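Q:
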Amino acid sequence: MIFKHVSMALADIGTATPYGPPYLPTQCNGNSIEQFPPGNLFVAVNEGLWDNGAACGRRYRLRCLSGRNRPCKTDIIEVQVVNFCPKSPCPSSFLMSKEAFSAISRFPNAKLNVEYIEYDIISQVLQPSISEVDYSLKF
0 MIFKHVSMAL
10 ADIGTATPYG
20 PPYLPTQCNG
30 NSIEQFPPGN
40 LFVAVNEGLW
50 DNGAACGRRY
60 RLRCLSGRNR
70 PCKTDIIEVQ
80 VVNFCPKSPC
90 PSSFLMSKEA
100 FSAISRFPNA
110 KLNVEYIEYD
120 IISQVLQPSI
130 SEVDYSLKF
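All the letters of the sequence shown, read from the start, carry residue numbers 0 to 138 under numbering that gives the first Met the number 0.
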């Protein structure tokens, strides 16, 4: 429950659309098939999220908020950045693999409004720093 409240408070809003194969080569790791996470839950990101390539390997939690004809499923998914948006101009913040997109949308070609947060930021918020941990012994 804490995670849901933290993610809502820190999340950004963007858009997501699907994109299909071929997925190789990518801007992150070229022709390496090992770059794709389990379940093929990966994305290409637009220029605003690309950060001159620093986005490679970043993980995001995504949740569909809305779209035409109520496309959203209730799932929150984790995706990994493997590419810069191959389209110009990029149609959305996230271009999602077909597997990732179908996990949050009922329609294969919808444009979604999504809520997203970098997964590593969530971990940092939920883990107390060393100075916050009480190491005293209590009897």
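Note that the Cβ used here is the ideal one computed from N, Cα and C, for glycine as well. In this text the structure is predicted, and so the values were computed from the model without any measurement.
Along the beta strand (DSSP E) that carries ALA43, what are the first and last residues, could you check?
A: Mapped onto the sequence shown, residue 43 falls at position 44. Run containing ALA43: 41-44, per the beta strand (DSSP E) assignment.
Q: Is it buried or exposed for ARG57, if we count other Cβ within 10 angstroms and need 16 for buried?
A: Residue numbering aside, residue 57 sits at position 58 when the sequence shown is read from its first letter. Buried, because 16 or more other Cβ atoms sit within 10 Å of the Cβ of ARG57.
Q: Note down the Cα distance separating PHE41 from GLY47, rounded to an integer number of angstroms.
A: Within the sequence shown, the letter at position 42 stands for residue 41. Within the sequence shown, the letter at position 48 stands for residue 47. Taking the straight line joining both Cα atoms gives about 17 Å.
Q: For the 8 Å Cβ check, are there 3 or more pairs between the stretch 83-91 and the stretch 25-45?
A: yes
Q: So GLN79 and PRO17 are in contact, right, with Cβ under 8 Å, and what is the actual spacing, rounded?
A: Within the sequence shown, residue 79 is the residue found at index 80, counting from 1. Within the sequence shown, residue 17 is the residue found at index 18, counting from 1. Not a contact, Cβ separation roughly 16 Å.
Q: Note the first and the last residue of the continuous beta strand (DSSP E) segment covering ALA53.
A: In the sequence shown, the residue the question calls residue 53 occupies position 54. Here ALA53 belongs to no beta strand (DSSP E), and DSSP marks it neither H nor E.
Q: If LYS72 and ILE103 are in contact, beta carbons under 8 Å, what's the gap, nearest whole angstrom?
A: Residue 72 sits at position 73 when you count from the first residue of the sequence shown. Residue 103 sits at position 104 when you count from the first residue of the sequence shown. About 5 Å separates the two Cβ atoms, so the contact holds.
Q: Expressed to the nearest angstrom, what Euclidean distance is found between the alpha-carbon atoms of ILE32 and ASN39?
A: Residue mapping note: residue 32 aligns to position 33 of the sequence shown, counting from 1. Residue mapping note: residue 39 aligns to position 40 of the sequence shown, counting from 1. Each residue's Cα considered, the two are about 11 Å apart.
Q: Return no unless some Cβ of chain C is closer than 8 Å to the Cβ of PRO36.
A: This model lacks chain C altogether, as it is built from one protein chain only.
Q: Give me whichever residues DSSP pairs with LEU94 in a beta bridge.
A: Taking the first residue of the sequence shown as position 1, residue 94 is located at position 95. Answer is THR16 and ALA43, bridged to LEU94.
Q: Just to confirm, is the Cβ distance from VAL113 to PHE93 under 8 Å?
A: Within the sequence shown, the letter at position 114 stands for residue 113. Within the sequence shown, the letter at position 94 stands for residue 93. In contact: VAL113 and PHE93 (Cβ atoms closer than 8 Å).
Q: If I measure Cβ to Cβ from LYS110 and keep anything under 8 Å in the same chain, skipping five residues before and after, which residues do I get?
A: Locating residue 110 in the sequence shown gives position 111, where the first residue counts as 1. The answer, listed in chain order, is THR14, ALA15, THR16, GLY66, ARG67, PRO90 and SER91.
Q: Beta-carbon within less than 8 Å of PRO107's beta-carbon, same chain only, minus the 5 sequence neighbours each way: which residues are those?
A: Along the sequence shown, one-based indexing puts residue 107 at 108. Here the set comprises PRO17, LYS97, PHE100 and SER101.
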